[in-house]
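Residue numbers (the numbering used here): 68 to 152.
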């Protein structure tokens with residue numbers, strides 16, 4: 068993939084990404100493979116003390132950032148993305 072993309076791949080995403088899909092041993096193997104961080108599908112925000120191999124996600128999907136007419140509202144997007152709402 069790196070050859071096709073023309074750059075180094077530094078991130079890994081655990082398949083399915085739930086707490087049942089990875090553990091410390093799996094995270095150690097991901098680190099050993101040379102990745103700098105890995106994403107889960109566990110909801111939440113990340114802080115300066117978050118393990119870079121257990122990064123959480125904020126789920127943004129269709130309808131979460133629109134007004135009553137279905138129009139995209141950037142302020143709603145950023146409020147959700149920054150975990151303000």
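Think of the CB as a built atom: it goes at the ideal place given N, C-alpha and C, for glycine as much as any other residue.
Neighbourhood of residue i by C-beta, 7 angstroms cutoff - its chain only, sequence neighbours within 5 removed
i: residue 118; result: none
i: residue 139; result: 132, 133
Per DSSP, the bridge partner or partners of residue i
i: residue 79; result: 105
i: residue 139; result: 133
Residue burial classification, residue i (beta-carbon count within 10 angstroms, cutoff 16)
i: residue 115; result: exposed
i: residue 94; result: buried
Beta-carbon gap between residue i and residue j smaller than 8 angstroms
i: residue 104; j: residue 78; result: yes
i: residue 107; j: residue 121; result: yes
Cβ neighbours of residue i in the same chain (closer than 8 angstroms, five flanking residues each side left out)
i: residue 69; result: 75, 76
i: residue 109; result: 84, 85, 86, 121, 123, 124
Unbroken beta strand (DSSP E) runs of length 3 or more, entirely within the region 103-128: which are they?
Unbroken beta strand (DSSP E) stretches of 3 residues or longer found wholly inside the region 103-128: 104-110, 122-124, given in chain order.
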